[in-house]
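Working notes, beginning with the structure itself.
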Amino acid sequence: MNIYKGISASTGIGISSVYFANTATLNVPKTTILDSEKDSQWEKFETARNQVLETMTKASENTSPEQAAIFQTYCMMLSDPDFISQVKNDFQAKSYNIEHIINEKVNEFAQNLILSGDDYLKARAEDIKDVYNKVLSVMLNQKVLTSKNIPEGSVLVADYINPSDAMFITQKKLKGIVTTEGGKHSHLAILANTYGIPFVYGIENIDKIIKTNDTVIVDGNSGTIYVNPDEVVLHVFNAQIKDLEEENSHLAKFKGKAAATKDGVKININANIGNVEEGFLAFEDGADGIGLFRSEFLFMEKADMSEESQFAAYKQVLETAKEKTVTIRTLDCGGDKIIKSPDIIQESEKNPLLGWRAIRFTLDNTDLFKTQLRALYRASVFGNLKIMFPLISCHEQVMSVLKLVKEVQNQLTQEKIPFDKNVPLGIMIETPAAALIADHLAPTVSFFSIGTNDLTQYTTCVDRENAKVSHLFSEFHPAVIRLIKNTIEAGQNHNIDVSVCGELAGSIEGAILLVGMGVRTLSVSSRKINKVKEVLSRFSLQEIENIALETLKHPDAETVLFTIQAFIK
Numbered sequence: 006m007n008i009y010k011g012i013s014a015s016t017g018i019g020i021s022s023v024y025f026a027n028t029a030t031l032n033v034p035k036t037t038i039l040d041s042e043k044d045s046q047w048e049k050f051e052t053a054r055n056q057v058l059e060t061m062t063k064a065s066e067n068t069s070p071e072q073a074a075i076f077q078t079y080c081m082m083l084s085d086p087d088f089i090s091q092v093k094n095d096f097q098a099k100s101y102n103i104e105h106i107i108n109e110k111v112n113e114f115a116q117n118l119i120l121s122g123d124d125y126l127k128a129r130a131e132d133i134k135d136v137y138n139k140v141l142s143v144m145l146n147q148k149v150l151t152s153k154n155i156p157e158g159s160v161l162v163a164d165y166i167n168p169s170d171a172m173f174i175t176q177k178k179l180k181g182i183v184t185t186e187g188g189k190h191s192h193l194a195i196l197a198n199t200y201g202i203p204f205v206y207g208i209e210n211i212d213k214i215i216k217t218n219d220t221v222i223v224d225g226n227s228g229t230i231y232v233n234p235d236e237v238v239l240h241v242f243n244a245q246i247k248d249l250e251e252e253n254s255h256l257a258k259f260k261g262k263a264a265a266t267k268d269g270v271k272i273n274i275n276a277n278i279g280n281v282e283e284g285f286l287a288f289e290d291g292a293d294g295i296g297l298f299r300s301e302f303l304f305m306e307k308a309d310m311s312e313e314s315q316f317a318a319y320k321q322v323l324e325t326a327k328e329k330t331v332t333i334r335t336l337d338c339g340g341d342k343i344i345k346s347p348d349i350i351q352e353s354e355k356n357p358l359l360g361w362r363a364i365r366f367t368l369d370n371t372d373l374f375k376t377q378l379r380a381l382y383r384a385s386v387f388g389n390l391k392i393m394f395p396l397i398s399c400h401e402q403v404m405s406v407l408k409l410v411k412e413v414q415n416q417l418t419q420e421k422i423p424f425d426k427n428v429p430l431g432i433m434i435e436t437p438a439a440a441l442i443a444d445h446l447a448p449t450v451s452f453f454s455i456g457t458n459d460l461t462q463y464t465t466c467v468d469r470e471n472a473k474v475s476h477l478f479s480e481f482h483p484a485v486i487r488l489i490k491n492t493i494e495a496g497q498n499h500n501i502d503v504s505v506c507g508e509l510a511g512s513i514e515g516a517i518l519l520v521g522m523g524v525r526t527l528s529v530s531s532r533k534i535n536k537v538k539e540v541l542s543r544f545s546l547q548e549i550e551n552i553a554l555e556t557l558k559h560p561d562a563e564t565v566l567f568t569i570q571a572f573i574k
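The numbering of the sequence shown is this note's numbering, which starts it at 6 and goes up by one.
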C-alpha cells in the first residue's frame, strides 16, 4: 500500500478500481500567413466557434441543472464580444495563423487571472482555456481527452480533466476523482461537490504511481489517496463510508424544508456565492435566498465590466432567484483581491488589508461606483434585490454612499429608466469600529450583515493565512463574540435585520451560537445548508439561547467552542 497526500476539492470517501484517462496536449502550430488568407482563416474560426457554441447550447438543454449552468457560462465566454474583438485586433495586426493567435490570446488572458493569486480566478483561467481549446480542437481536428471507456463506478484518474468533458460524472457514477491539476473553485470541483464525489488534486507524477485497475481509496475529507490498500485499511474506510451514507441520507430529509428550531422558530438560511452558476446550485441545495453575492468576482473574471455587462449578470441572478432575496455586495477590491483592469488602478501598499480597499476605494472612484450602482438599480426590477456596502468603519462613509445612491436614482429618473427606489440598503459589519458604533449606524440603513472573517482578523490582529499565527485565529474569541453581540443588540433596538455571512455561520457550533444570540438569518456555502438546518432542528430556541448565554461567561475561545460542542453532543 502507498499513501499520497493531495488537496481536497470535494469531501467524502470513495473506493474502487482505477480508470486512468490519458489527456493529450493540444498541438497548436505557428505559421506565417499572407494578408489574402486572413478572411478565410477568420471565417474558419467563426465556423468552429459557432459549432462549439451550438454544441454547448444543446448540452445545456439536455443535462442536469448543475452541468447546464456550467455550459451556459461557457456559452457566455464563447460569445464575449470584448475577447473576440481582442483576438481579431491581434490577428489583423500580425502575420500568423489564426490558431496561434487564439492560443496566444487565451493563454495571456488566463495568465492574468492566475497572477491575481485568487483560487477562484485561477479556476476561471482554466475555464477559458477549456472552452477555447474546444474551438481549437475543431479547427485542428484534434481530440483533447478520450473518456468513452470509463467503467461505471470507477475512480477516474488523470493529469487534468476539463469541466466540459465531465458529462460522464453523472453518467458513470464515479466513486472518486484524482488529478494532478485542479482547484477548490473549479467547475469540476463544483460538480463533484454537487454529486457527492470525493475529489483530490495536487498528486504529482500521477501516471507513475497509479495505473488502470489499481484499487484506490479517495479520502476527500483529508485530501489523501491510498493506492492498493490492505484489508485492514479497506475495512476501516468501508465502515466510514457506511456512516457517511447514513448521515447524508439523514441530511437529505432537510433539503427543501425551511430551517427551524425544535419548537418551530424559523431561521433563514441563505447562500454565499461568487457567480450566477453558484446561485443556481445554491437554490438546488435549498437556500432561502442569496445572503452574499461577491460582485468583485465579476470584475476579477473580466477586464472590462461595463454597466451593460454588470446589468446582465445582476439581472440573471435575480431572475434565477425568482421571488427570493438576493443581497449583492458592491465592489470589494484591494487587500488580497487584485483586479486586472485598465479602469481600476490599484497601488502597491505596505499593509493592503488595512489600506485602500472596499468602500474606501469605491468612494474615491465615484465614476466606477456609480456605474455599478446604476447597473444594480436597473436590475432591481427583475427580482428581490438588496444592496450591501463592505468594510464600513464610520458614519461619514455611510452618508457619502447614500449621497451617491441619491444621485444615481435621480439620473435614472431623468433618463426614464425603470428601477425600484425602495431597494433595501445595508452595510457589512466587519471592522471593530463599525461593531462598536453599530447603534449610530443602524438608523441610517435597512440591515446589517456581519462578516466574521474580517471582523475576527481585525479584532485579534491575526492573519489566518500565516501559518505561524493562524492557530490564534478563532471566531469564537470572546472579543469577537462581544462585538457580534453589540451589533445584534443595535440592530434589534432599531428594528433592522442582522444576518451573518462569514465562516462562523456555516459551522454547526457557530450557527448555534449566533441563533442563541438573536440572529435569525445565516448565510453559508451551499454544501453546509442542510447540515445547519439539521443541527438547529435538534434544540428548542430556549435551549440554544441558554447555551449562548453560557458562552459569554468564558474568557477564551477554546472553552467557548468546547462548551458548544458538548451541548451539541
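Beta carbons are placed, not taken as given, at the ideal position from N, Cα and C, and that holds for glycine.
None of these values were measured; they are calculated from a predicted model.
### contact_flag[the segment 36 to 53, the segment 244 to 253] where n(CB pairs < 8 Å) is 3 or more
no
### Inter-residue Cα distance where the pair is V183 and I486
On the sequence shown, residue 183 is found 178 positions in, with the first residue counted as 1. On the sequence shown, residue 486 is found 481 positions in, with the first residue counted as 1. Those two C-alpha atoms are separated by around 40 Å.
#### Entry: Extent of the continuous alpha helix (DSSP H) run through Y9
Walking along the sequence shown from the start, residue 9 turns up at place 4. No alpha helix (DSSP H) holds Y9; the beta strand (DSSP E) holding it covers 7 to 10.
### Message
Which residue marks the beginning of the beta strand (DSSP E) containing I333, and which one marks its end?
### Response
Mapped onto the sequence shown, residue 333 falls at position 328. Here the beta strand (DSSP E) through I333 covers 330 to 334.
### Task
Put T217 into one of helix, strand or coil per three-state DSSP.
Taking the sequence shown and counting its residues from 1, one reaches residue 217 at position 212. In this structure, T217 counts as coil in the three-state DSSP scheme.
### Query
How about Q179 and I202: do their beta carbons lie closer than 8 Å?
Sequence index remark: in the sequence shown, residue 179 carries index 174 (1-based). Sequence index remark: in the sequence shown, residue 202 carries index 197 (1-based). The question names Gln, but residue 179 in the sequence shown is Leu. Contact flag set, yes.
### Query
If we count Cβ pairs, one from each stretch, closer than 8 Å, do we get three or more for the segment 533 to 553 versus the segment 287 to 295?
yes
### Query
Just reading off the beta strand (DSSP E) that G496 is part of, what are its end residues?
Taking the sequence shown and counting its residues from 1, one reaches residue 496 at position 491. Unbroken run through G496 is the alpha helix (DSSP H), 483 to 498; no beta strand (DSSP E).
### Task
Please determine, among T556, F424, A363, L359, the residue with the shortest C-alpha to C-alpha distance to L390.
Reading the sequence shown from its first residue, position 385 is the one you call residue 390. If we check each option's Cα against that of L390, F424 comes out closest.
### Beta-carbon spacing of E555, T568 below 8 Å
Counted from its first residue, the sequence shown places residue 555 at position 550. Counted from its first residue, the sequence shown places residue 568 at position 563. Cβ atoms of E555 and T568: closer than 8 Å.
### Task
Can you give me the Cβ contacts of T16 inside the same chain, cut-off strictly under 7 Å, excluding the 5 residues immediately before and after it?
Position 11 of the sequence shown holds residue 16. Excluding residues within five positions, the ones whose Cβ falls inside 7 Å are P203, G225, N226.
#### Entry: Interface flag, D40 vs chain D, CB-CB below 8 Å
Structure shown: chain D not included; a single protein chain is present.
### Task
Please report the residue range of the beta strand (DSSP E) in which M393 lies.
Here residue 393 refers to the residue found at position 388 of the sequence shown. Segment 389 to 394, the beta strand (DSSP E) holding M393.
### Query
With burial defined as no fewer than 16 other Cβ atoms inside 10 Å of the residue's Cβ, what is the status of V237: buried or exposed?
Translated into the one-based positions of the sequence shown, residue 237 becomes position 232. That one is exposed.
### Message
Pull the bridge partners of D248 from the DSSP assignment, please.
### Response
Residue numbering aside, residue 248 sits at position 243 when the sequence shown is read from its first letter. Partner(s): none; D248 has no beta bridge.
### Task
Please go through the same chain and pick out, in chain order, the residues whose beta-carbon is closer than 8 Å to the beta-carbon of S159, but skip the five residues on each side of it.
As a first step, residue 159 must be located in the sequence shown, where it is residue number 154. These residues qualify, in order along the chain: S21, S22, V23, Y24, K177, L179, K180.
### Message
Is it buried or exposed, S84, if we count other Cβ atoms within 10 angstroms and call 16 or more buried?
### Response
Counted from its first residue, the sequence shown places residue 84 at position 79. With fewer than 16 other Cβ atoms within 10 Å, it is exposed.
### Query
Counting Cβ pairs closer than 8 Å, one from the segment 51 to 62 and one from the segment 135 to 142, do we hit at least three?
yes
### Task
Answer yes or no: do S300 and R334 have a C-beta to C-beta separation smaller than 8 Å?
Locating residue 300 in the sequence shown gives position 295, counting from the first residue. Locating residue 334 in the sequence shown gives position 329, counting from the first residue. Taking 8 Å as the Cβ cut-off, S300 and R334 qualify as a contacting pair.
### Task
Use the C-beta contact count for M433: other C-beta atoms within 10 angstroms, 16 or more gives buried, fewer gives exposed.
The residue you call residue 433 lines up with position 428 of the sequence shown. It is buried - the Cβ of M433 has at least 16 other Cβ atoms within 10 Å.
### Query
Can you check whether the CB of S451 is closer than 8 Å to the CB of N277?
By one-based count along the sequence shown, residue 277 stands at place 272. By one-based count along the sequence shown, residue 451 stands at place 446. No. Outside cutoff.
### Message
Does the contact criterion of 3 or more C-beta pairs under 8 Å hold for the segment 359 to 368 versus the segment 411 to 421?
### Response
no
#### Entry: Integer Cβ distance of T325 from V281, believed to fall under 8 Å
For the purposes of this step, residue 325 is identified with residue 320 of the sequence shown, where counting begins at 1. For the purposes of this step, residue 281 is identified with residue 276 of the sequence shown, where counting begins at 1. Indeed, because the Cβ distance is near 6 Å, the residues count as touching under 8 Å.
### Message
Is the beta carbon of I230 closer than 8 Å to that of D164?
### Response
Here residue 164 is taken as the residue at index 159 of the sequence shown, counted from 1. Here residue 230 is taken as the residue at index 225 of the sequence shown, counted from 1. Against a cut-off of 8 Å, the Cβ pair of I230 and D164 comes out as no contact.
### Message
Suppose the cutoff is 6 Å on Cβ atoms and the five residues either side in sequence are ignored; what does the same chain contact list for D341 look like?
### Response
Stepping through the sequence shown from its first residue, residue 341 is reached at position 336. Confidence in D341 is poor, its pLDDT being 49 and thus under 50, which makes the residue's placement unreliable; the coordinate value appears in the next sentence. Excluding sequence neighbours, D341 sits near nothing in its chain.
### Query
For E66, which residues of its own chain have a beta-carbon under 8 Å away from its beta-carbon, when the five flanking residues on both sides are left out?
Walking along the sequence shown from the start, residue 66 turns up at place 61. Within the same chain, E66 has close Cβ partners A73.
### Task
Report buried or exposed for I107, applying the criterion of at least 16 other Cβ atoms within 10 angstroms of its Cβ.
Looking up residue 107 in the sequence shown gives position 102. Label assigned to I107: buried.
### Query
Alpha carbon to alpha carbon, what distance is there between L303 and T52?
Within the sequence shown, numbered from 1, the residue matching residue 52 stands at position 47. Within the sequence shown, numbered from 1, the residue matching residue 303 stands at position 298. Computed Cα separation, rounded: 28 Å.
### Message
With distance defined between alpha-carbon atoms, name the residue in F88, N415, I489, Q547 nearest to N458.
### Response
Start at 1 with the first residue of the sequence shown, and residue 458 comes out as number 453. Looking at the Cα atoms, I489 is the closest of the given residues.
### Message
Based on DSSP bridge pairs, tell me the residues matched to I455.
### Response
Along the sequence shown, read from residue 1 onward, the residue named residue 455 stands at position 450. Beta-bridge pairing links I455 to I434, V505.
### Query
What are the boundary residues of the alpha helix (DSSP H) that R365 is part of?
Residue mapping note: residue 365 aligns to position 360 of the sequence shown, counting from 1. Per DSSP, R365 belongs to the alpha helix (DSSP H) from 363 to 369.
### Message
Please identify the residue among S13, V428, L396, C399 whose C-alpha is closest to the C-alpha of L381.
### Response
Position 376 of the sequence shown, counting from 1, holds the residue named residue 381. It is V428 whose Cα lies nearest to the Cα of L381.
### Task
Look up F567 in the DSSP assignment and say whether it is helix, strand or coil.
Walking along the sequence shown from the start, residue 567 turns up at place 562. In this structure, F567 counts as helix in the three-state DSSP scheme.
### Task
Please report the Cβ distance between G228 and S13, rounded to the nearest whole angstrom; I am assuming they are in contact, meaning their Cβ atoms lie under 8 Å.
Working through the sequence shown from its first residue, we reach residue 228 at position 223. Working through the sequence shown from its first residue, we reach residue 13 at position 8. Yes, they are in contact, since the Cβ atoms of G228 and S13 sit about 4 Å apart, within 8 Å.
### Query
How about I211: is its Cβ closer than 7 Å to a heavy atom in the ligand ZN?
Although the ligand ZN was asked about, the structure shown includes no ligands whatsoever.
### Query
Ordered along the chain, which non-local residues of its own chain (more than five positions away) have a Cβ less than 6 Å from that of S398?
In the sequence shown, the residue the question calls residue 398 occupies position 393. Taken in chain order, the residues that qualify are T436, A438, A439.
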